[in-house]
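Visitor: Start counting the sequence shown at 591; every next residue gets the next number (the numbering used here). Beta carbons: idealized from backbone N, C-alpha and C, even for Gly.
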Amino acid sequence: MSVKNNNISIKVISHFVKSRSSPENSIFLFSYDVKIKNNGDSEVQLLSRYWHIQDGDGNVEEVRGPGVIGLQPLIKPRMTFEYSSFCPLKTPLGIMSGSYQMKLKSEETFDAPIPAFSLHATEHID
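#1: In the DSSP assignment, what are the bridge partners of Asp623?
#2: Can you list, in chain order, the residues of its chain with a C-beta nearer than 6 Å to that of Ile685? Leave out the 5 residues immediately preceding and following it.
#3: Shortest alpha-carbon distance to Gln635 belongs to which of Pro667, Ser675 and Ser609?
#4: For Lys693, does the three-state DSSP call read helix, strand or coil?
#5: Tell me Leu683's beta-bridge partners as DSSP assigns them.
#6: Quick check on Asn615: does DSSP put it in helix, strand or coil?
#7: Taking the straight line between their C-alpha atoms, what separation do you get for Arg639 and Glu697?
#8: For Leu661, does the count of other Cβ atoms within 10 angstroms reach 16, so buried, or fall short, so exposed?
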């Protein structure tokens, strides 16, 4: 799934990590790969993240924090920043969405929405 806002496009692809999951203990691990592209003419900096994570039972967890994977990357015009991370769930299905707070060179900030994407462990659904 991808979305474009304020000249920032965000694409996320998720994967079920079967080798690190334990369905009998209700542990389902998912990885997700994020591509953030600056389509504008000015550099932007990713300041913080917000995630809304919902599992298959409807339980919601919200995660907020500075940057991503310990970084607050500066993304130059026409360049892409990519990273991968993980999300554990207690169910084989879930959904994530959120936003990144971005800062322009002018010091103006804006929220770049992260499109909703599914977390799906198809091997464990009857």
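Guide: On the basis of the data shown:
#1: Ile603 and Ser674
#2: Gln644, Ala706 and Ser708
#3: Just measuring C-alpha positions, the residue of Pro667, Ser675 and Ser609 sitting nearest Gln635 is Pro667.
#4: Collapsing the DSSP output to three states places Lys693 in a strand.
#5: His710
#6: helix
#7: 17 Å
#8: It counts as exposed.
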